[in-house]
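Engineer: Heads up: the protein sequence lines correspond to chains X and P, in order.
For the first sequence, position 93 matches number 97 in the numbering used here, and the numbering has no gaps at all.
For the second sequence, position 52 matches number 55 in the numbering used here, and the numbering has no gaps at all.
C-beta: ideal position from N, C-alpha, C; glycine also.
Fair warning: this is a prediction, and the values are worked out from it, not measured in the lab.
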Amino acid sequence: AQSVTQLDSQVPVFEEAPVELRCNYSSSVSVYLFWYVQYPNQGLQLLLKYLSGSTLVESINGFEAEFNKSQTSFHLRKPSVHISDTAEYFCAVSEGNAGKSTFGDGTTLTVKP
Amino acid sequence: DGGITQSPKYLFRKEGQNVTLSCEQNLNHDAMYWYRQDPGQGLRLIYYSQIVNDFQKGDIAEGYSVSREKKESFPLTVTSAQKNPTAFYLCASSVQGLAQETQYFGPGTRLLVL
Chain X
5 AQSVTQLDSQ VPVFEEAPVE LRCNYSSSVS VYLFWYVQYP NQGLQLLLKY LSGSTLVESI
65 NGFEAEFNKS QTSFHLRKPS VHISDTAEYF CAVSEGNAGK STFGDGTTLT VKP
Chain P
4 DGGITQSPKY LFRKEGQNVT LSCEQNLNHD AMYWYRQDPG QGLRLIYYSQ IVNDFQKGDI
64 AEGYSVSREK KESFPLTVTS AQKNPTAFYL CASSVQGLAQ ETQYFGPGTR LLVL
């Protein structure tokens with residue numbers, strides 16, 4: 005069975021500082037990994053995903069995540085955050101043929117001026 | 004614009020009452036999902052459907068029911084058997100319901116108990 009652990013529930017950072025949101029997963033088979041972002045009182049939007057190939061994946065707004073199979077991790081990073089990055093971030097894992105994803109509990113990123 | 008709509012935005016339920024949350028998509032996706040979100044917790048899967056007239060229970064289906072009579076619609080009924088229904092409910096869809104697909108989410112419905 006698949007599971008996801010987001011290691012930090014709250015991450016406060018100052019604007020223009022780097023940030024890392026940590027995600028570990030467990031699965032007995034090959035997996036697909038996702039990061040979604042949720043702004044207050046809204047649904048989730050895909051930020052980036054790893055399916056296969058290069059272990060480093062990037063989003064259009066400067067986030068990146070690296071798939072590390074040996075450490076079963078998929079940490080999300082950004083070298084310099086903006087106030088607008090304040091949101092809740094969810095790591096998710098899917099495996100097998102069915103599109104049932106398991107989501108982590110979320111990490112609230114708060115960017116302070 | 005293609006997307007997913009959920010209505011209403013807020014819903015109030017009285018004790019013993021069944022309520023139905025609407026989810027409609029015009030993305031021509033085969034698969035649709037219902038999740039429940041509680042504060043400080045991730046999304047938990049209630050029901051999902053990969054094709055019209057077929058659906059499967061997720062991890063927390065007790066006290067909920069769904070139907071999938073049309074490809075674009077996947078309503079969720081919160082029955083009186085659900086003793087703790089207060090939560091944020093999210094509907095999502097994906098192209099075929101495969102593991103590698105992105106899920107597209109609606110804006111959510113917040114259910115409150117009077």
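Hey, how far is the Cα of Y43(X) from the Cα of Q44(P)?
Structural biologist: Y43(X) and Q44(P): Cα-Cα distance of roughly 15 Å.
Engineer: Candidates E62(X), I87(X) and Y40(X): which alpha carbon is nearest Y93(X)'s?
Structural biologist: Looking at the Cα atoms, Y40(X) is the closest of the given residues.
Engineer: Quick check: what's the CA-CA separation for Q28(P) versus D109(X)?
Structural biologist: Going from the Cα of Q28(P) to the Cα of D109(X) covers about 26 Å.
Engineer: List the residues of chain P that F67(X) touches, going by C-beta distances under 8 Å, in chain order.
Structural biologist: In chain order: nothing, as chain P lies at least about 15 Å away.
Engineer: Give me, in chain order, the residues of the same chain whose beta-carbon lies closer than 7 Å to that of L88(P); leave out the 5 immediate sequence neighbours on both sides.
Structural biologist: Residue identity check: residue 88(P) is Pro in the sequence provided, not Leu. If we look at P88(P) and ignore the five residues flanking it on each side, its Cβ neighbours are R16, V81, L114 and V116.
Engineer: Tell me which residue opens and which closes the beta strand (DSSP E) that N72(X) is part of.
Structural biologist: Its beta strand (DSSP E) spans residues E68 to N72.
Engineer: What does P88(P) reach in chain X if we use C-beta pairs closer than 8 Å?
Structural biologist: Those within 8 Å of P88(P) in chain X number zero; the least Cβ separation is about 18 Å.
Engineer: Since P110(P) meets chain X, which of its residues come closer than 9 Å, beta carbon to beta carbon?
Structural biologist: Simply N45, Q46 and G47.
Engineer: If distances are taken between C-alpha atoms only, which option among A91(X), L52(X) and C27(X) comes closest to H79(X)?
Structural biologist: The shortest Cα separation from H79(X) among A91(X), L52(X) and C27(X) belongs to C27(X).
Engineer: How many whole angstroms separate the CB atoms of S97(P) and H32(P), which I take to be in contact at a CB cut-off of 8 Å?
Structural biologist: Right, their Cβ atoms sit about 6 Å apart.
Engineer: Check for me: the beta strand (DSSP E) holding R125(P) runs from which residue to which?
Structural biologist: Because chain P here runs from 4 to 117, residue 125(P) falls outside it and cannot be looked at.
Engineer: The beta strand (DSSP E) spanning V35(X) covers which residue range?
Structural biologist: V35 to Q42 is the span of the beta strand (DSSP E), which, as asked, contains V35(X).
Engineer: Thinking just about the alpha-carbon of each residue, which of Y107(P), Q59(P), E72(P) and S83(P) is nearest to the one in E18(P)?
Structural biologist: Closest option to E18(P), Cα to Cα, is S83(P).
Engineer: Mapping DSSP to helix, strand and coil, what is S88(X)?
Structural biologist: Here S88(X) sits in helix by DSSP.
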